[in-house]
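443 is the number of the first residue of the sequence shown in my numbering; add one for each residue after it.
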Amino acid sequence: MGATNPFTEIRRELHKIPELGFQEFKTQQFLLNYLYSLPQENIEIKTWKTGIFVKISGKNPSRMIGYRADIDGLPIVEETGLPFKSEHSEQMHACGHDFHMAIALGLITKFAEDRINDDLLFIFQPAEEGPGGAEPMLKSGIMQEWKPDMIIALHIAPEYPVGTIALKEGLLFANTSELFIDLKGKGGHAAYPHKTNDMVVAACALVSQLQSIVSRNVDPLDSAVITIGKITGGTVQNIIAETARLEGTIRTLSPESMEKVKSRVQALVKGIEVGYECETAIDFGSMYHQVYNEESLTREFMDFTRANTEMNVVECREAMTGEDFGYMLEEIPGFMFWLGVDSEYGLHHAKLNPNEQAIEKAIEFIASYLKYKG
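Here's what the structure looks like:
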């Protein structure tokens, strides 16, 4: 897979240095080094924690248009075998944020000299994968000073071919919440279970009960998901477990359903506490607000794309994917769309390998839209 433009090379360099949320120190420095290599006459750069704001002054501004790119990686051991694979142990850009950053840098490079009338604000946001960077970044003094009048973002989509974008008006991504449940009972010898309170048994019972919430407490015409992705408990095979921990996620298509699901989780955990004579604790961790695309801006964007570009537009269904860009859309009108990158392996997979031809196409396509808007 040959490099087609400098931003493909930039993507590869970024792919080598994935970092977890609010630890993106090398990534931030790489971005800053590139940004300061550009002509600075019309650019202002400000940092926030490990994130960056880049404002490009318009020729005759009447408003500000925002563009957000997330910058963190995931705690995944890469298995792509690529020559530019991750150099960081057990960390990988397995969600395409290296693509997102490279595309944003391409747009900044283009508009640093070829300005539009309106101001542009590019936001390199940390910690999208957790614990969540969008909400505190939105509340920062810099964002309040440079608050866009509208904002857009993209996310790569392995299931769509290069040259395709997918989106819809209204709800695009679900409300999401992390879920951590700790159980503590009484451990002991495996031969004397009657003298213990086995937390492996309690945890298994709780997992089964949690799955009843979606089937019996959520409106069948609504949607929700509860997934327990990790269970830990006990120490060795012949000691009854004194503690157990469940780690998972909740996804819903409405804030009301999220509250209902959380309420039922609390009730079932309380029942486990009584039934298995143990102590329990629940932590809902980070919660992401739904991504809701403003209808008129989304429709205009789709119409523009069909009429003025070679990109194929797909009107997709909403997804249970979580994205903290939803916090920005809650305060600022705008939208997010999927960018086709045609990968055999999906998001968060150790073998994710997006087609790099999508980078140049995205830069050209989004630049044409920003020129149209500004």
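Cβ atoms here follow ideal geometry from the backbone N, Cα and C, with glycine treated the same way. Source: prediction; values computed, not measured.
For E721, the enclosing beta strand (DSSP E) stretches over residues 721 to 725. With respect to the C-alpha of G676, the residue from S654, M700, G630, F622 having the closest C-alpha is G630.
R510 carries a strand assignment under DSSP once its states are collapsed to helix, strand and coil. Secondary structure note for S699: it is in no beta strand (DSSP E), and the uninterrupted alpha helix (DSSP H) holding it is 697 to 717.
Separation of P590 and M641 (C-alpha to C-alpha, rounded to the nearest whole angstrom) is 50 Å. The C-beta separation of I584 from F495 comes to about 5 Å, placing the pair in contact by the 8 Å criterion. Annotated three-state conformation of S619 is strand, per DSSP. As the crow flies, the alpha-carbon of E466 is around 28 Å from that of T669. In the DSSP annotation of this structure, the continuous segment of the alpha helix (DSSP H) that includes T450 starts and ends at 448 to 457.
Between the alpha carbons of W780 and H542 lies a distance of about 11 Å.
When DSSP reads this structure, V733 sits in a beta bridge with F615. In this structure, V604 lies away from V756, with their beta-carbon atoms at least 8 Å apart. For the options P503, A804, V643, the alpha carbon positioned closest to that of A686 is the one of V643.
Bridge pairing for R693: T618, V667 [DSSP].
By the neighbour-count definition (other C-beta atoms within 10 Å, threshold 16), I452 is a buried residue. In the displayed model, D745 falls within a helix according to three-state DSSP.
Close CB contacts of S528 within its chain, under the 8 Å cut and outside five residues either way in sequence, are with H457, K458, I459, P460, G515, E520, M534, H535 (chain order).
Runs of the alpha helix (DSSP H) lying entirely within the region 758 to 807, each at least 4 residues long, are 767 to 773 in chain order. Taking 8 Å as the cut-off, the Cβ atoms of D512 and Q567 count as close. The beta carbon of K501 sits closer than 6 Å to those of R557, N559, all from its chain and outside the five residues before and after it, given in chain order.
Burial check for D664: the Cβ neighbour count within 10 Å stays below 16, so the residue is exposed. Taking A569 as reference, the option from G816, S705, F767, R706 with the minimal CA-CA separation is F767. For A633, the closest alpha carbon among the candidates T606, Q679, E721 is that of Q679. The three-state reading of DSSP puts L477 in helix, counting H, G and I together.
Here the region 736 to 751 does not lie against the region 697 to 717, with fewer than 3 beta-carbon pairs under 8 Å apart. Counting of Cβ neighbours within 10 angstroms places H636 among the exposed residues, the total staying below 16. Under the Cβ criterion (8 Å, minimum of three pairs), the region 732 to 741 does not count as touching the region 543 to 551. Going by DSSP, V656 is part of the alpha helix (DSSP H) stretching over 641 to 659. Taking a cut-off of 8 Å for Cβ pairs, the region 596 to 610 and the region 793 to 805 touch, as three or more such pairs fall below it. Here the C-alpha atom of F472 lies approximately 50 Å from the C-alpha atom of C720. In this structure L739 is in contact with M592, their Cβ atoms being roughly 6 Å apart against a cut-off of 8 Å. Secondary structure at D591: coil, using DSSP grouped into helix, strand and coil.
In this chain, K527 is not harboured by any alpha helix (DSSP H), its DSSP state being neither H nor E.
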